[in-house]
Structures are given as structure tokens and as C-alpha cells.
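Reading the sequence shown from the start, the letters are residues 23 to 151 in my numbering.
Note that beta-carbon positions come from the ideal geometry of N, C-alpha and C, so glycine has one too.
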Amino acid sequence: MAQTSINNPPGRVTDLVGLKKKGSVVTCETSFDILPVDFAHRDNPFQAFIFLCSYKGSIDAQEYEFRKCYARGCPDNLCPHVSQAVVVANRYLQKDYRRLEQGGIKIERRLFDLDDMTVKFDGYQKEHD
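Below, the structure is given as C-alpha cells:
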């Protein structure tokens with residue numbers, strides 16, 4: 023079977039599944055981060071935190087990496103609080119894990135951890151106050 027060549031690295035979970043279905047050998051693992059981002063709502067600036075999952079692995083021995091944002095959280099009422107954001111992020115992440123597994127890609131089902139995200143969230147707040 024001909025191997026799939028990668029002209030542009032994948033940028034979505036569906037790209038990984040599609041390449042696997044075409045016969046590529048796909049590996050995947052995840053890691054998580056929380057980053058501060060400046061937003062504005064009705065001309066009122068505020069800082070929120072986005073919950074990112076990095077997907078990395080290889081496709082036919084060629085390495086790839088991309089990130090996906092799963093939620094945003096902030097300390098005020100302009101967006102979900104950090105604890106709600108973790109719950110929302112994990113729901114969407116679990117859907118993507120199911121897509122990967124149904125597509126034949128093995129992956130360790132790691133989730134955003136509320137304690138870890140809260141520590142990072144609090145750390146960013148203290149740095150920027």
C-alpha cells in the first residue's frame with residue numbers, strides 16, 4: 023500500500039483520522055497548557071485564559087504537532103470561570119478521543135486536570151495583577 027505523503031502537516035483531529043484511514047501509520051499523544059489572552063467585550067478589555075491541547079506524534083515516521091483550543095475561562099462574568107472551563111474542555115476533548123479511537127488511532131485518554139489548571143490560572147493572575 024502506498025504511504026501517504028504529508029505536504030502540509032495536519033492541523034485537525036479529522037486530518038489524523040483521514041490519514042489513518044488512507045493507510046498511514048499514525049501515532050498521537052497529548053499535553054495541556056493554559057495561556058492568558060486579552061479579549062474585549064463591548065469595548066471592555068479583560069484577560070481570559072484559553073485551555074489548549076497539543077497533539078503531537080508521527081505520520082509515517084514524519085513528526086507533526088498542532089494545538090487546539092478547547093475552552094476559555096476568566097475570573098469575572100464575561101466568560102465561564104476556570105472550573106467550568108475545565109469541565110467544558112474535557113467534554114470536547116473526550117469527543118475527539120472517541121473520533122481518534124474510532125478511526126483506529128491509539129491514544130492515552132488524558133484530561134485537563136482542575137487542580138493543575140487552577141494552579142496555572144492563579145499563577146498567571148498573580149503575575150499580571
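Cut-off 7 Å between Cβ atoms - residues of its own chain near residue i, not counting five sequence neighbours on either side
i, result
"LEU41", "THR26, PRO32, VAL48 and ILE81"
Unbroken alpha helix (DSSP H) run spanning residue i, endpoints
i, result
"ASP55", "Not the alpha helix (DSSP H): ASP55 falls in the beta strand (DSSP E), residues 51-63."
"GLY40", "35-43"
"SER105", "104-124"
Residue i: first and last residue of the uninterrupted beta strand (DSSP E) it sits in
i, result
"ARG132", "That residue, ARG132, is in no beta strand (DSSP E); it is neither H nor E in DSSP."
"SER80", "66-81"
"CYS91", "84-95"
Check whether residue i and residue j have beta carbons under 9 Å apart
i, j, result
"ASN54", "VAL104", "Correcting the residue identity first, residue 54 is Phe in this sequence and not Asn. Cβ atoms of PHE54 and VAL104: not closer than 9 Å."
"THR52", "ILE127", "no"
"ALA93", "TYR114", "yes"
8 Å CB neighbourhood of residue i in its chain, flanking five on each side removed
i, result
"ARG121", "VAL35, THR36 and VAL39"
"GLN116", "ARG131 and LEU133"
Whole-Å CB distance - residue i paired with residue j, under 8 Å assumed
i, j, result
"GLN69", "CYS96", "7 Å"
"VAL108", "LEU136", "5 Å"
Chain-order list of residues whose beta-carbon lies under 6 Å from that of residue i (same chain, five-residue window excluded)
i, result
"ASP138", "none"
"PHE88", "GLY33 and TYR77"
"TYR86", "PRO31 and PRO32"
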